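What follows is a set of notes on a single structure, which appears directly below.
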């Protein structure tokens, strides 16, 4: 899922902090996603798509994610009006991923399998090494207080935070394993 502006570009929490107030609830029993926002009526949309009517209805749309052109499915006027209303931004649309047009990671895993990354920026997960953040904070004179490390780590918005033995160790990793789950390393984050 991705909220797009009238120009087709993604609306992000970086530019619209109120996005964090939209609360999605997946109702599997009724096959619905319910979106709520403080002091507003919620809106419901189906989780399944009638693929036969997609092309004829014109609900296929295009956007870009990190330079990749992607094709998605417009979720309709009802949800678009709701999003524009709750966020006070005209022309918003909700786009869902088209499973027939999936983005892939730029690098292959060690077993040569290309991983799908949906509508996320560069990869599904971002790993942050505490030692690297500490090293970086020592390089920036304005960050002289060691107790700020947690807030600096938060600025990178990582999904996984590790404490590796040395700073920048993560630049040499090919994969990361947590219990039985193995993550392929795509490389340094272009955003960071």
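Numbering (this note's numbering), first residue to last: -16 to 175. Cβ coordinates follow ideal geometry from the N, Cα and C atoms, glycine included. These figures come from a predicted structure and were not determined experimentally.
Pairwise C-alpha distance: residue j and residue i
{"i": "residue 137", "j": "residue 149", "result": "20 angstroms"}
{"i": "residue 116", "j": "residue 143", "result": "13 angstroms"}
{"i": "residue 167", "j": "residue 112", "result": "16 angstroms"}
{"i": "residue 63", "j": "residue 12", "result": "24 angstroms"}
{"i": "residue 121", "j": "residue 25", "result": "46 angstroms"}
{"i": "residue 133", "j": "residue 22", "result": "32 angstroms"}
{"i": "residue 152", "j": "residue 131", "result": "22 angstroms"}
{"i": "residue 180", "j": "residue 17", "result": "The structure shown does not extend to residue 180, since the chain is modelled only from -16 through 175, so no value can be given for it."}
{"i": "residue 155", "j": "residue -4", "result": "31 angstroms"}
Cβ-based burial, residue i [other Cβ within 10 Å; buried from 16]
{"i": "residue 3", "result": "exposed"}
{"i": "residue 140", "result": "exposed"}
{"i": "residue 164", "result": "exposed"}
{"i": "residue 30", "result": "exposed"}
Backbone secondary structure at residue i - three-state DSSP
{"i": "residue 148", "result": "coil"}
{"i": "residue 72", "result": "coil"}
{"i": "residue 66", "result": "helix"}
{"i": "residue 6", "result": "strand"}
{"i": "residue 113", "result": "helix"}
{"i": "residue 0", "result": "helix"}
{"i": "residue 38", "result": "With a pLDDT of 46 at residue 38, under the threshold of 50, the modelled position of this residue cannot be trusted, and the question is left open."}
{"i": "residue 138", "result": "helix"}
{"i": "residue 12", "result": "coil"}
Sub-9 angstroms separation of residue i and residue j beta-carbons
{"i": "residue 15", "j": "residue 6", "result": "no"}
{"i": "residue 19", "j": "residue 8", "result": "yes"}
{"i": "residue 69", "j": "residue 110", "result": "no"}
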